[in-house]
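Chemist: Okay, here's the structure, questions in a sec.
2 protein chains.
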Amino acid sequence: MNSRLVIFQPSGQRGRVEEGKNLLEVSRELGVDIESVCGGTKTCGKCKVRVQRGFFERHGIHSQMEHLSPVTEEERELLTDDELSSGYRLACAAQVQGDVLLYVPEETRGGKQVVRKEVTLRKIDLNPAVKTHCVKLEKPTLADPLGDYERLLKTLAAQHGLEGLTAGRTVLARIPSALREKGWEVTVAVWMGKEILRILPGSSMRCYGLAVDIGTTTVAGYLCDLATGEVVAVHSLMNPQVTYGEDVMSRVTYIMTHEGGLEELHREIIGAMNQIVSQACKRAEVSSDEILELVVVGNTVMHHIFLNISPVGVGVSPFVPAVQQPVDVKASELGIAVNESANVHLLPIEAGFVGADNVGVLIAEAPYEKDEMQLIIDIGTNGEILVGNRDKLLSASCATGPALEGAHIKFGMRAAPGAIERVSIKPDTLDVEYRIIAGEGDQLARGICGSGIIDAIAEMFRVGIVEKSGRLNKSVVNPRLVQDGKSREFILAPKQETAIGKDITIAAGDVRAVQLAKGAIYAGSKILMNRLRIEKVDRVVLAGAFGTYIDRTGAMLMGMFPDCPLENVVAVGNAAGDGARMALLDINKRREADEQARRVEYVELTLEKDFEREFVEAMHFPHMTDRFPSLEGLLPRST
Amino acid sequence: MNSRLVIFQPSGQRGRVEEGKNLLEVSRELGVDIESVCGGTKTCGKCKVRVQRGFFERHGIHSQMEHLSPVTEEERELLTDDELSSGYRLACAAQVQGDVLLYVPEETRGGKQVVRKEVTLRKIDLNPAVKTHCVKLEKPTLADPLGDYERLLKTLAAQHGLEGLTAGRTVLARIPSALREKGWEVTVAVWMGKEILRILPGSSMRCYGLAVDIGTTTVAGYLCDLATGEVVAVHSLMNPQVTYGEDVMSRVTYIMTHEGGLEELHREIIGAMNQIVSQACKRAEVSSDEILELVVVGNTVMHHIFLNISPVGVGVSPFVPAVQQPVDVKASELGIAVNESANVHLLPIEAGFVGADNVGVLIAEAPYEKDEMQLIIDIGTNGEILVGNRDKLLSASCATGPALEGAHIKFGMRAAPGAIERVSIKPDTLDVEYRIIAGEGDQLARGICGSGIIDAIAEMFRVGIVEKSGRLNKSVVNPRLVQDGKSREFILAPKQETAIGKDITIAAGDVRAVQLAKGAIYAGSKILMNRLRIEKVDRVVLAGAFGTYIDRTGAMLMGMFPDCPLENVVAVGNAAGDGARMALLDINKRREADEQARRVEYVELTLEKDFEREFVEAMHFPHMTDRFPSLEGLLPRST
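Chains as they are written, first to last, in my numbering: chain A, 1 to 639; chain B, 1001 to 1639.
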């Protein structure tokens, strides 16, 4: 029997399976949770998966469809024509006949994704861009036949001191009926004291805003009540662009090499935004028409694609963005299904890849207000670093790759139920204790998520399984250390404890991937610190959802950042998203963002002559030469 | 054989014809010029006409299709599905089986329409809203990686002093490639010194603007080179809304009584705008992308419908427009196919029905700059009157109906080839000399256009055929005076001289229609003059294409306006369109329009207690009591 490679996106779970098995069987074998209400009898139509053609086209293979059995009668009935032509199949009906890359759409995924981009409590002044005002107008008469709009403007000026307001065509069109519906009493929503966005009859109007952090991998939206500042719903989903490339550079390459590629990626992210809008609205019982303002952050490439502007300039030297300053654009122009007058505000870009997301982190953490020297690391698929204080701030971007998010790791998976998220290893027996993310009922491990990987590798280093150089120590003998072909692996969870019927391990290659990622972050931090002529920082801030879940000791133990007293290492969650939310609720934060983004000095790491040396040294656990006084007694004796 | 009523729109030509004849035969019989390349052999598909369902629905008849023979095989081949479902037929194939109202689309009309909305030479200062600027940028380097947009802004500020510019998303998206295409040299078009509308590589950009006068019956567009002010093409067409009602009130009624009616009428006018754009561009060899600014005028109802804003408020007391002030809106938002950044500027509305078209007349004639007392009459389907000088200006609107444009007149037609446009009658023999609008080859009369009607009735009055009261004088005996049923008629052109095989006459009803129209204008003028406490005006200005072609003596003779020395009665052509053009080419004229529109005092004639009496008196030829010293010796002795 032939074995075929099957990869499921977005989780990245993969494996070789027997030809002829259907995709639902394969998914179970590989621990991919696919919704199947009918249990594989081809009647419920729930187990939709999509053959990823984009990916294979990039690799010169034009049709993957032939690597699955032909479309069945049942699929023709249960899938729409659109779905069929987009490559959708029912997992229970399609049999593997060759290597295949599949995408499991959000709705098909069993076991709700744990939204790790949660809301951090932050003090935010409430001063949103959109405010509501109620007015009561004098009725027109033959002696006073002033136009409806002019009458409204006159009354708003007289009763609320609002002068020089404008209104778009659609608002103008609604004024006459709104005025007449409830006896010439209306409520208007006004943007930045300038533009009337909405008019409703009567004395009140609910008013919501949406802050969105477009990550390379995850898109997180925070729906806020603009009157109270309260977050009424959070909704995150995978960035659907992952099917075009997992990191920003591969997406830039896709755009450079595919006609219409920019438009495709743009449509994907707008589609995701609209999903967030509809889900968040549903959850909070808000109408999408009540969303009157959006603030969006994202790295430079995400920012440009969101605006349907080519990010190619930022992908080649001298790495120039098409636009850096804050952008305001009508949501309707981008096809975002909120109120058609709503504005989208994008925070500015610092430079190169250090985008609006890092500006979000910047205004959330406000290092420019502090004396203490901070190192702020925002860990995502791209890593951004900020170092400095009120006197000076430097920033840099480093390509960490998605390893820290669980991708490109043998048993890596996203932070979903069944993922191992915490690991500790007994030094003597090498027995492993781990904690998995709880789902509904299911309590067996399916894979390892980012924080679990950090923990596992830090522990493996602490107990001596992994050497300073990153090699697996050959002198350690234990039943958990096994050989899989050429690769040595350490068993975290033996197969009897897993949901996938096989051992979940950390392989030598996984250790290498993590070394590359953490080495880049450490080296980048060092370069910036050297520029500022400082040897230590007073505080390390780990931003990014990821930072919230990792064990800070473990992270320092493996050398993700230079030494710092452990009590001064803090995780602040999705600071980029928090910054977006702050800019949504307080327009002063937008001004601050614009000013500070221009003040930050961007350092292009690839141009730094020391970077390569620093990188090589930082690949070691925790570092080739740097000392870690704060880890006194925690490091293995060998270091 | 049954006879059936067939009416062809937009010319209004109509008649009873034998059942069973096809529409091409009928059109020839009624003098309607329909394009037919194949000569009625059902092969060319050129003779498309549309059955007007909208009209009949309004009158409770739901389908007119059954009043024509069934759709033939040939029609199914030659017409698109869309056309068939919209009620299109081939004139040569569809046979009359009942009363039917048809619309002859522009492209089907034989013999080019004479564009009577021509360009008047006026002194215009050239200071357009859109100006172009060429800049050469410093190339970015790793040491100077400023974003493309910021680099452009910086250079525009340094080289042209342009500060605080903005750009829409689509322009932002074009900047990177434009900059790189011709060595960092680009030309930008900037609107009002504020917004970048367009960017092109290299050192030049052509830049055009379109001024449009949306009349109730005719839409006229003037394509201008914004760099020179030159009019490079003029294109006019019928306002396609005529099929929903010939005057503004009937269109307001249509909107009030039909769900989606506003949207329908809006789509019609946008469609017409796009035809003007494409035709004018074709003629002048301009790309629609090179049109960067539009100025639109129209009466209040046309203005509102153009913006897709309900005009219902202006149709009922207290006649309140939804918006009066100047409006700027993106052409793309309205679906106008010019450059997607182009702005549409609408001149303000004075009050009630006195709309942006009259503001166009106002700034073209600038009575507010003069000492002499002027009466400015803009004659269209709606008549607007302005009286005053630099001290004070009054305006009013009067419902003249379309009689003066040749509609609702027995042999009325628009100013097209074959229309009688000038008439003189010998007092003794009542012999008629007339002039017709020349077409290609064809020199026989087909009907009478507006100026011909005025001329004919003025002459009939002068020679005594028409009495002061408007009645046809029964004591006059002449072979040209005939009886058609109950109605007395005067033959202008006997059938042997006509292209329609029958006498072309002025009927008693035609005289009545003209009396109503001219009476309304005269009475309105008197009311305003009384308000200003003046008995005479120094100057009468006839605006509107119509005013250009009528005989001023004839018009005064029949009493269209109060007495004024004939040398001071001037026709200025389409002043509304000229005003639009001036506002397009000189932004100071926009400011002037806004200021002066607010200064003009609007008088609601229907509220004036004297109006009815004035109207009754003004129905007489030339007036019941007023004297006309300027017509000394020209008036018939009886008056």
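Glycine included, each C-beta is placed from N, C-alpha and C at the ideal position.
#1: Given a threshold of 16 other Cβ atoms within 10 Å of its Cβ, counted over all protein chains shown, does N645 of chain A qualify as buried or as exposed?
#2: Any chance the region 1320–1328 of chain B sits against the region 145–152 of chain A, with 3 or more Cβ pairs inside 8 Å?
#3: Could you check how far apart the C-beta atoms of A173 of chain A and E293 of chain A are, in whole angstroms? I think they sit under 8 Å.
#4: According to DSSP, is E1333 of chain B helix, strand or coil?
#5: Using 10 angstroms around the beta-carbon of R1591 of chain B, count the other beta-carbons present and answer buried if the total reaches 16, otherwise exposed.
#6: Between G202 of chain A and K182 of chain A, what straight-line distance do the alpha-carbon atoms span, to the nearest angstrom?
#7: Counting only Cβ pairs nearer than 8 Å, list the residues of chain A close to T1141 of chain B.
#8: State yes or no: is the C-beta of N1574 of chain B within less than 8 Å of the C-beta of A1220 of chain B?
#9: What is the DSSP secondary structure of A396 of chain A, reduced to helix, strand or coil?
#10: Quick one: what's got a C-beta closer than 6 Å to K487 of chain A's C-beta in the same chain, skipping five residues either side?
#11: As a quick exercise: from B:R1581, B:A1342, B:P1240 and B:S1027, pick the residue whose alpha carbon is nearest that of E1499 of chain B.
#12: Name the DSSP bridge partner or partners of T1132 of chain B?
#13: Are the beta-carbon atoms of G20 of chain A and V96 of chain A separated by less than 8 Å?
#14: What first and last residue would you give for the beta strand (DSSP E) that runs through Y222 of chain A?
#15: Under a CB-based cut-off of 8 Å, is S1310 of chain B close to chain D?
#16: Look at the Cβ atom of H235 of chain A, then the Cβ atom of R169 of chain A, and state whether they are nearer than 8 Å.
#17: Using Cβ-Cβ distances below 8 Å, what residues of the region 345–357 of chain A are close to chain B?
#18: Give, in chain order, every residue of the region 162–190 of chain A whose Cβ lies closer than 8 Å to some Cβ of chain B.
#19: Looking at the strands, I want to know which residues DSSP matches up with S1487 of chain B.
#20: Which residue marks the beginning of the beta strand (DSSP E) containing Y88 of chain A, and which one marks its end?
#21: Using a beta-carbon distance cut-off of less than 9 Å, what residues from the region 148–160 of chain A approach chain B?
#22: So, with DSSP's three-state summary, where would you put T1166 of chain B?
#23: Go through its chain and collect everything with a Cβ distance to A93 of chain A's Cβ below 7 Å, but skip five positions before and after it.
#24: The beta strand (DSSP E) that contains T300 of chain A, what's its start and end?
#25: Which chain A residues sit within Cβ distance under 7 Å of G1313 of chain B?
#26: In the region 1324–1335 of chain B, which residues sit with their C-beta less than 7 Å from some C-beta in chain A, listed in chain order?
#27: For the region 459–468 of chain A and the region 614–626 of chain A, state whether three or more C-beta atom pairs, one from each stretch, are separated by less than 8 Å.
#28: If distances are taken between C-alpha atoms only, which option among A:K518, A:R539 and A:P176 comes closest to A571 of chain A?
#29: Which residue comes first and which comes last in the alpha helix (DSSP H) that contains F461 of chain A?
#30: Keeping to the same chain, check which residues put their C-beta closer than 6 Å to that of E57 of chain A; ignore five residues upstream and five downstream.
#31: Would DSSP call R1593 of chain B helix, strand or coil?
#32: Give me the Cα-Cα distance between K48 of chain A and S69 of chain A, rounded to the nearest whole angstrom.
#33: Applying the 10 Å Cβ sphere with the 16-neighbour rule, what's the burial state of V1477 of chain B?
#34: Between the Cα of L1640 of chain B and those of B:G1452, B:I1453, B:K1502 and B:L1430, spot the shortest distance and give me the residue it belongs to.
#35: With a cut-off of 8 Å, does the C-beta of I7 of chain A fall near any C-beta of chain B?
#36: Report yes or no: is there a C-beta of chain A within less than 8 Å of the C-beta of P1636 of chain B?
Modeler: Looking at the atomic coordinates:
#1: With chain A covering 1 to 639 only, the question about residue 645 of chain A has no answer from this structure.
#2: The region 1320–1328 of chain B is in contact with the region 145–152 of chain A.
#3: In fact, because the Cβ distance is near 21 Å, the residues do not count as touching under 8 Å.
#4: Residue state, collapsed to three classes: helix.
#5: Exposed: under 16 other Cβ atoms inside 10 Å.
#6: C-alpha separation (whole angstroms): 6 Å.
#7: In chain order: P318.
#8: Cβ distance < 8 Å, so N1574 of chain B and A1220 of chain B count as in contact.
#9: Reduced to three states, the DSSP call for A396 of chain A is strand.
#10: At residue 487 of chain A the sequence reads Ser, which differs from the Lys that was named. Cβ neighbours of S487 of chain A beyond the five flanking positions: A507 and A508.
#11: Per the sequence presented here, residue 1499 of chain B reads as Ala, with Glu not at that position. Ranking the options by Cα distance to A1499 of chain B, first place goes to B:S1027.
#12: For T1132 of chain B, which the question treats as bridged, DSSP gives the partners B:A1189.
#13: Closer than 8 Å, so yes.
#14: Note, Y222 of chain A: beta strand (DSSP E), T218 to D225.
#15: The structure shown has no chain D; the protein chains it does contain are A and B.
#16: Against a cut-off of 8 Å, the Cβ pair of R169 of chain A and H235 of chain A comes out as no contact.
#17: For chain B, the residues of the region 345–357 of chain A that bring a beta carbon within less than 8 Å of one of its beta carbons are I349, A351 and G352, in chain order.
#18: Residues passing the 8 Å Cβ filter: G168, R169, L172, A173, I175, P176 and S177.
#19: Partner(s): B:D1484.
#20: Taken as a continuous stretch (DSSP letters only), the beta strand (DSSP E) holding Y88 of chain A covers Y88 to L90.
#21: Cβ proximity to chain B below 9 Å picks out D148, Y149, E150, R151 and L153 from the region 148–160 of chain A.
#22: Looking at T1166 of chain B - three-state DSSP - the assignment turns out to be strand.
#23: Counting only residues of its own chain and dropping the five nearest sequence neighbours on each side, A93 of chain A has a CB closer than 7 Å to the CB of N22, K42, T72, E74 and E75.
#24: Segment T300 to F306 is the alpha helix (DSSP H) holding T300 of chain A; no beta strand (DSSP E) there.
#25: Neighbours of G1313 of chain B in chain A, taken as residues whose beta carbon is under 7 Å from its own, are D148 and P176 in chain order.
#26: Here the close residues are Q1324, Q1325, V1329 and E1333.
#27: Result yes; three or more Cβ-Cβ pairs closer than 8 Å.
#28: Check the Cα spacing between A571 of chain A and each of A:K518, A:R539 and A:P176: the tightest is with A:R539.
#29: In this chain, the alpha helix (DSSP H) harbouring F461 of chain A covers G450 to R462.
#30: Below a pLDDT of 50, predicted positions are generally treated as unreliable, and E57 of chain A, at 46, falls in that range; the measurement from the model is reported next regardless. Result list for E57 of chain A: empty, nothing under 6 Å.
#31: Before going further, note that residue 1593 of chain B is Ala rather than Arg in the sequence given. Residue state, collapsed to three classes: helix.
#32: The alpha-carbon atoms of K48 of chain A and S69 of chain A are separated by roughly 15 Å.
#33: V1477 of chain B is exposed by the Cβ-count criterion.
#34: The structure shown does not extend to residue 1640 of chain B, since chain B is modelled only from 1001 to 1639, so the question has no answer here.
#35: It does not: the Cβ of I7 of chain A has no partner Cβ on chain B nearer than 8 Å.
#36: Taking CB atoms only, P1636 of chain B has no neighbour in chain A less than 8 Å away.
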